[in-house]
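Chemist: Pasting in a structure now, in structure tokens, and then I'll have a few things to ask.
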Amino acid sequence: MTETLMPGGGVARRPLHFIVMADCSGSMKGEKMQALNYALRSMLPHLVDWERDQLQAQLLIRILAFASSPHWYVGEPVPVADLSAHWRNLEYVPMGRTNMGPAFRAVAEVLSPDRLERRALRPAILLVTDGLPTDPPGGFESGLAALTEIAAGRSALRLAVAIGRDANSEPLDKFRSPEVPVLVADGTDEIADRLVTASIAVSRMSEIGVNRGALAEQLNLAEPTRRSQPDVVASPGATGSFEDIL
Amino acid sequence: MTTVPIGGPPAGGHADPVGRTPEWLVLTGSERGASHVAVKSPNQDAVATERAGANGVVAAVADGHGHPRHLRSARGSRLAVKIGCQAAQEFADRIEQNSAFIAQREPAATAGGQADEIAAAAEDFLVPSIVRRWREAVLAEVKADPFTPAEQEQRHTGDDEVIAYGSTLLLGIALRGWLILAQIGDGDVVGVSPQGGSVQPVPDDPLLDGLVTTSLCGADPRSDFRIAVVDTADQPLMAVLLATDGYGNAQVVEQWPDAFSQDLAWMLRERDLQWLASQLPAWAARCASSDGSADDTTVALIVSAAATVLRASATPAKGAVDGSEETTIPALPRTDTIPAHVPVQPDLVEPVTMRHLAHRPAPEPVILERTVARPAGREPETTELVIHEPDTTDLVSREPTTNEIPKPSQGEGGPERHADTDGSGGR
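These protein sequence lines map, in sequence, to chains A and B.
If you use the working numbering, the first sequence corresponds to residues 14 to 259, in order.
If you use the working numbering, the second sequence corresponds to residues 13 to 439, in order.
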């Protein structure tokens with residue numbers, strides 16, 4: 014048998030960066046924070062299973078806790094199995110506000126072209142919040158613009174879970190990817206279900222060759238509070254570029 | 013369209029172009045991605061090689077888009093490499109018929125202008141020809157084989173027929189001392205200098221952010237093509253890799269072209285062509301596996317005959333490397349490796365792809381450690397060292413009934429090695 018020498022330093026699966034933006038503002042005190050921690054812990058094994066069963070991606074997760082300012086709770090991308098094995102609960106920030114703009118900028122920074130691997134799959138961002146943004150005027154919009162101005166942020170699968178129907182706000186509609194609805198948890202007991210749904214969306218919609226439009230439709234059907242959704246799958250850009258699914 | 017000529021006039025000017033013209037050969041490998049195997053979709057990549065001009069070669073690789081919208085992209089990529097090679101052959105003929113380019117190469121002071129002229133000619137003839145013929149071929153195929161109702165459901169409302177066939181194309185023409193490179197869409201073109209430096213001659217496209225790609229099926233594919241012309245008399249290159257993005261997306265090292273070039277230069281120094289030919293299918297298989305990008309992966313390596321040694325040792329190449337579901341038998345060892353004095357074969361056969369019964373994971377290869385010097389004594393017993401160049405490169409052309417590489421024989425002048433004077437290109 015001919016030996017094989019592989020030039021170039023070796024191969025590996027493509028990284029899929031999954032960033033959880035967790036609202037740790039003061040309003041999350043008590044039952045909500047407990048439920049969010051439980052939900053995150055419950056979500057991780059699903060992602061571990063998916064990562065094991067699929068062929069394409071190495072799932073790397075970060076967690077950004079945000080309140081008046083953002084804080085990387087898990088700053089370096091870690092394999093999801095490692096995080097699942099060493100989970101530590103998030104804590105709310107007393108008197109903390111819900112400033113999303115700086116949090117978007119923090120995410121944009123780690124997804125910038127000089128930070129993100131060229132071969133990375135399009136990332137996924139999950140925003141979990143119980144309230145409206147409390148940014149100063151223009152702060153939310155400028156922060157979101159910073160995220161969507163970079164290619165990875167713009168193309169990322171952006172999911173939002175609203176804890177409480179009041180949190181399903183226009184700002185979350187601006188944040189989310191057009192093809193997926195805001196997932197609403199009416200009570201703390203539904204947070205885990207919504208995060209599992211979100212994790213399924215993250216995993217399945219990141220798979221190569223998948224029909225994202227059909228998956229998004231399934232997600233819409235499963236989410237009774239959905240808003241009207243445009244058909245945005247793989248439209249060519251003005252310059253004639255096409256979605257680079259393998 | 014972006015066009016960049018590479019290499020200005022050499023310090024010493026051009027020597028006799030005929031005497032210095034290197035010969036080129038092409039090795040290929042292609043493998044269906046593990047993710048495609050899982051969902052029973054075909055290898056949407058394609059590869060083709062042909063002779064170009066009197067003794068040049070052309071290699072083409074293409075990556076059909078994977079989105080369901082591009083439901084016939086495997087056919088689109090096959091058309092792309094076929095048409096790309098045909099257009100390249102005609103372009104090579106034009107170049108060779110132009111005495112200003114070949115017979116009377118200009119002196120050093122204006123040699124850079126020749127690269128400009130060839131690049132302009134590629135822009136004016138090669139690219140429009142490919143774009144037009146590919147579109148015509150697609151439309152003819154749709155007319156002959158209309159979309160089925162099921163396919164119609166996959167198409168988007170208002171889509172041009174060609175969108176179903178969407179594909180990239182990377183084309184490399186090695187002609188005399190020129191390397192003419194054209195690319196639309198993602199993928200990588202990496203030149204390897206004799207010292208192991210890498211150069212990526214084709215200009216970057218800011219549209220290619222890793223998430224979207226330009227395409228032959230785009231609105232203005234002519235303007236999306238990028239062209240580079242390398243004068244190897246000025247910028248010696250011992251090899252050029254054309255790879256679909258399944259290769260680069262599998263590489264751990266972010267600056268993998270540098271690492272690849274360093275390793276390949278070592279391989280070309282220390283191993284023989286027969287061995288190298290057996291490696292490319294394994295490289296493709298490794299990248300296409302679930303340990304890599306899981307994407308279809310296709311590579312074509314254009315190698316200067318002066319950079320390696322065709323050895324008389326006769327262990328047949330194991331083209332069907334274990335673990336590779338598809339193995340492309342290198343096409344050029346039986347065709348375009350033939351020096352000019354060997355009679356031309358009129359009809360070339362496309363690389364032969366053998367399909368194994370079941371997909372298996374690619375074997376774990378040895379990863380080269382670039383930081384450690386590689387003394388010749390480290391060679392494994394299974395591979396003989398190249399300790400000197402053979403006296404001849406008189407090849408025997410044969411049909412690919414086996415993977416055996418044609419063997420050199422005695423009596424002809426040996427291949428010319430590039431002068432070891434080039435600085436690495438760097439990215």
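For glycine and all other residues, C-beta sits at the position ideal for the given N, C-alpha and C.
(1) Once you ignore the five residues that flank V87 (chain A) on each side, which residues in its own chain have a CB closer than 6 Å to its CB?
(2) Please specify which runs of the alpha helix (DSSP H), each continuous and at least 4 residues long, are wholly inside the stretch 36-71 of chain A, giving them in chain order.
(3) Is it right to say M108 (chain A) is buried, meaning 16 or more other beta carbons lie within 10 angstroms of its own, or is it exposed?
(4) Counting beta carbon pairs with one atom in the stretch 15-34 of chain A and one in the stretch 279-294 of chain B, are three or more of them shorter than 8 Å?
(5) Taking Cβ-Cβ distances shorter than 7 Å, what residues in chain B pair up with V4 (chain A)?
(6) Within 10 angstroms of the Cβ of K52 (chain B), are there 16 or more other Cβ atoms? Answer buried if so, exposed if not.
(7) Locate the beta strand (DSSP E) running through E263 (chain B), then write down its first and last residues.
(8) Any contact between the stretch 91-107 of chain A and the stretch 141-149 of chain A? By contact I mean 3 or more CB pairs, one from each, below 8 Å.
(9) Between the stretch 55-86 of chain A and chain B, which residues of the former have CB atoms less than 9 Å from a CB of the latter, in chain order?
(10) At which residue ranges does the stretch 229-261 of chain B contain complete beta strand (DSSP E) runs of 3 or more residues, listed in the order of the chain?
(11) Can you check which of these residues, B:R63, B:G65, B:A72, B:L276, is closest to A255 (chain B) by C-alpha distance?
(12) So, with DSSP's three-state summary, where would you put R87 (chain B)?
(13) Using the rule of at least 16 other Cβ atoms within 10 Å of the residue's Cβ for burial, across every protein chain shown, is T340 (chain B) buried or exposed?
(14) Are the beta-carbon atoms belonging to P28 (chain A) and L73 (chain A) less than 7 Å from one another?
(15) Taking Cβ-Cβ distances shorter than 7 Å, what residues in chain A pair up with G275 (chain B)?
(16) My understanding is that V70 (chain B) touches L191 (chain B), with C-beta atoms under 8 Å, so please give their C-beta distance in whole angstroms.
(17) On the three-pair Cβ rule with 8 Å, is the stretch 148-157 of chain A touching the stretch 116-126 of chain A?
(18) Who are the Cβ neighbours of R171 (chain A) in its own chain at under 7 Å, not counting the five residues just before and after it?
(19) With H, G and I counted as helix, E and B as strand and the rest as coil, what does DSSP make of F137 (chain B)?
(20) Note the first and the last residue of the continuous beta strand (DSSP E) segment covering S85 (chain A).
(21) Taking 7 Å as the limit between beta carbons, can you name the residues of its chain near R234 (chain B), skipping five residues before and five after?
(22) Kindly list, in the order they appear in chain A, the residues whose Cβ is closer than 9 Å to that of G184 (chain B).
(23) Could you tell me the alpha carbon to alpha carbon distance between R131 (chain A) and E122 (chain A), rounded to whole angstroms?
(24) Run through DSSP, which three-state label would E16 (chain A) get?
(25) Do you know offhand how far V311 (chain B)'s Cα is from G41 (chain B)'s?
(26) How big is the Cα-Cα spacing for A262 (chain B) and I95 (chain B)?
(27) Please state whether DSSP places S409 (chain B) in a helix, a strand or coil.
(28) Tell me the residue span of the alpha helix (DSSP H) that contains A175 (chain A).
(29) Pairs of beta-carbons, one from the stretch 75-83 of chain B and one from the stretch 165-179 of chain B, closer than 8 Å: are there three or more?
(30) On a Cα-Cα basis, can you pick out the residue from B:A50, B:N67, B:D275, B:D57 that is closest to E35 (chain B)?
(31) Check the DSSP bridge columns for W36 (chain B) and list the partner residues they point to.
(32) Please list, in chain order, all residues of the same chain as N181 (chain A) whose beta carbon is under 7 Å from its beta carbon, the five residues on each side excluded.
(33) Put I192 (chain B) into one of helix, strand or coil per three-state DSSP.
(34) Of all the residues that make up the stretch 162-189 of chain A, which are near chain B by a beta-carbon distance shorter than 8 Å?
(35) Which partner residues does V59 (chain B) have in the DSSP bridge list?
(36) Could you say which of B:R87, B:I185, B:N55, B:P218 lies nearest to A152 (chain B) if we only look at CA atoms?
Modeler: Taking the coordinates as given:
(1) R75, I76
(2) 44-66
(3) exposed
(4) yes
(5) Nothing can be reported for residue 4 (chain A), as the shown portion of chain A is limited to 14 through 259.
(6) exposed
(7) It should be pointed out that residue 263 (chain B) corresponds to Gln in this sequence rather than to Glu. Segment: none, Q263 (chain B) is in no beta strand (DSSP E) and carries neither H nor E.
(8) no
(9) Q67, L68, Q69, A70
(10) 238-243, 251-255
(11) B:A72
(12) helix
(13) With a pLDDT of only 37 at T340 (chain B), under 50, the local geometry of the prediction cannot be trusted, and the value read off the model is given with reservation. By the 10 Å Cβ count, T340 (chain B) comes out buried.
(14) yes
(15) Here residue 275 (chain B) turns out to be Asp, not Gly, going by the sequence shown. In chain order: P20, G21.
(16) That pair is no contact at about 11 Å.
(17) yes
(18) I138, F188, R189, S190
(19) helix
(20) According to the sequence displayed, residue 85 (chain A) carries Trp and not Ser. Note, W85 (chain A): beta strand (DSSP E), 83-92.
(21) M13, V139, P140, V143
(22) Going along chain A, no residue has its Cβ under 9 Å from G184 (chain B), so there is no contact; the nearest lies around 18 Å.
(23) 15 Å
(24) coil
(25) 5 Å
(26) 28 Å
(27) At S409 (chain B), the pLDDT of 30 sits below 50, so the modelled position is not reliable; the number obtained from the coordinates is stated separately. S409 (chain B): coil per DSSP, three-state reduction.
(28) Taken as a continuous stretch (DSSP letters only), A175 (chain A) belongs to no alpha helix (DSSP H), being part of the beta strand (DSSP E) at 170-176.
(29) yes
(30) B:N67
(31) B:S316
(32) A175, V195, V197, T238
(33) strand
(34) A164, A165, S168
(35) B:V73
(36) B:R87
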